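Numbering (the working numbering), first residue to last: 2 to 339.
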Ligand SMILES: Cc1cc2nc3c(=O)[nH]c(=O)nc-3n(C[C@H](O)[C@H](O)[C@H](O)COP(=O)(O)OP(=O)(O)OC[C@H]3O[C@@H](n4cnc5c(N)ncnc54)[C@H](O)[C@@H]3O)c2cc1C
């Protein structure tokens, strides 16, 4: 007999919730997460307080290639159902505006809620689980997942590894790869900013610069916010104990605490900037390496085209290496560098 009925890969909001529902239906469920903790994206959601539902959620608020999907999903599980769950766990909340409900405390309360519900439903949660490969045995109708914790077998497999955004929180293209492996149709992810900025500024270097600034700001801002919100409680107590002025608290406590996160954000946004610049040149036609690739492709200069692609890849590696070195140098004192 198989050890598991269901294996869910990815313990974000979707994976945790799916595992809970399967567990409640009496299935033996294993939830695998490659991060050291579950729900990292939930932790930063809603500015750290998690906007866990909206009173006025309805299918018209969703944009989807399949508009009927959210109709059935929302009919089966309504905002009222989630509010009841939040109240069952004694989590205090408030309405901010336009029906948005946030925790009064922190988003961690929602993660704890999901973990408690998982435990109650008999779900086994395993972190630090690396899934290398997924295969289907057509005859036995079973799935096998090759992981760093051995080969795991189940009759159902759920991929809940999320989208591509914020790799620093664990996002991967795993879901896309598995979908491709099983021949499933994928809605292409398109760079939404490029056409808009192209329309506003034309195919110019200015357009590429604006894209780079807007596109990479998020990767820097999010880790910075996360770092600032996760100052060690002891450090806050010391600041309070010494009655530090606000300016000194920011300079001596907040900035050093956030520094490792800012450094990581800088490293990620440097690589994203490069990708965006090349993408803008490639799609938008602004002068540069990306544009050169496009011109060589159109003129059938294949060796030159590949040469430029190799230069782009090397540039990416160099930027990442340089930023990693800078990070090690600037935050030598941080435990993350030891
Ligand atoms: C800054 C920010 C604020 C937000 N605020 C809100 C909000 O207030 N309210 C709201 O409703 N939504 C909010 N969102 C959106 C919401 O956070 C996401 O839609 C939601 O968390 C997505 O959940 P998910 O489970 O689909 O994906 P994810 O949360 O990305 O979970 C996927 C999980 O899979 C894991 N994983 C990936 N690859 C593998 C692998 N190969 N093996 C094992 N595990 C893997 C990842 O580590 C991750 O834990 C916010 C998003 C951001 C970025």
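For glycine and all other residues, C-beta sits at the position ideal for the given N, C-alpha and C.
This structure is a prediction, so every number in the text was calculated from the model and none was measured.
(message) Using 8 Å as the threshold, is the C-beta distance between residue 3 and residue 119 below it?
(response) Remark: C-beta atoms of residue 3 and residue 119 do not approach each other more closely than 8 Å.
(request) Take residue 305 and list the residues in its own chain whose beta-carbon comes closer than 6 Å to its own, dropping the five residues that flank it on each side. (result) 297
(request) For residue 101, write down the residues that DSSP places opposite it in a beta bridge. (result) 55
(message) Between 50, 51, 75, 52, which has its C-alpha nearest residue 62's C-alpha?
(response) Among 50, 51, 75, 52, the Cα nearest to that of residue 62 is on 75.
(message) At the level of alpha carbons, what is the spacing between residue 73 and residue 259?
(response) 42 Å
(message) At a threshold of 7 Å, does residue 175 count as lining ligand 1 (C-beta to nearest heavy atom)?
(response) yes
(message) Shorter than 7 Å, the distance from the beta carbon of residue 46 to the closest heavy atom of ligand 1, or not?
(response) Checking the Cβ of residue 46 against ligand 1 gives yes.
(request) Kindly examine ligand 1 and report whether one of its heavy atoms sits closer than 7 Å to the Cβ of residue 97. (result) no
(message) Is any non-hydrogen atom of ligand 1 found closer than 7 Å to the C-beta of residue 155, if you look at the structure I gave you?
(response) The closest heavy atom of ligand 1 lies 7 Å or more from the beta carbon of residue 155.
(message) Per the DSSP calculation, residue 5 is bridged to which residue(s)?
(response) 155
(message) Does residue 274 pass the burial test, meaning 16 or more other C-beta atoms within 10 Å, or should it be called exposed?
(response) buried
(message) For residue 313, tell me which candidate among 322, 291, 45, 113 has the shortest Cα-Cα distance.
(response) Ranked by how close their Cα comes to the Cα of residue 313, the residues 322, 291, 45, 113 have 291 in first place.
(request) Note down the Cα distance separating residue 325 from residue 224, rounded to an integer number of angstroms. (result) 16 Å
(message) Looking only at its chain, what residues have a beta carbon closer than 6 Å to the beta carbon of residue 129, apart from the 5 residues adjacent to it on each side?
(response) 37
(message) Between residue 147 and ligand 1, is there a pair consisting of the residue's CB and a ligand heavy atom that are separated by less than 7 Å?
(response) no
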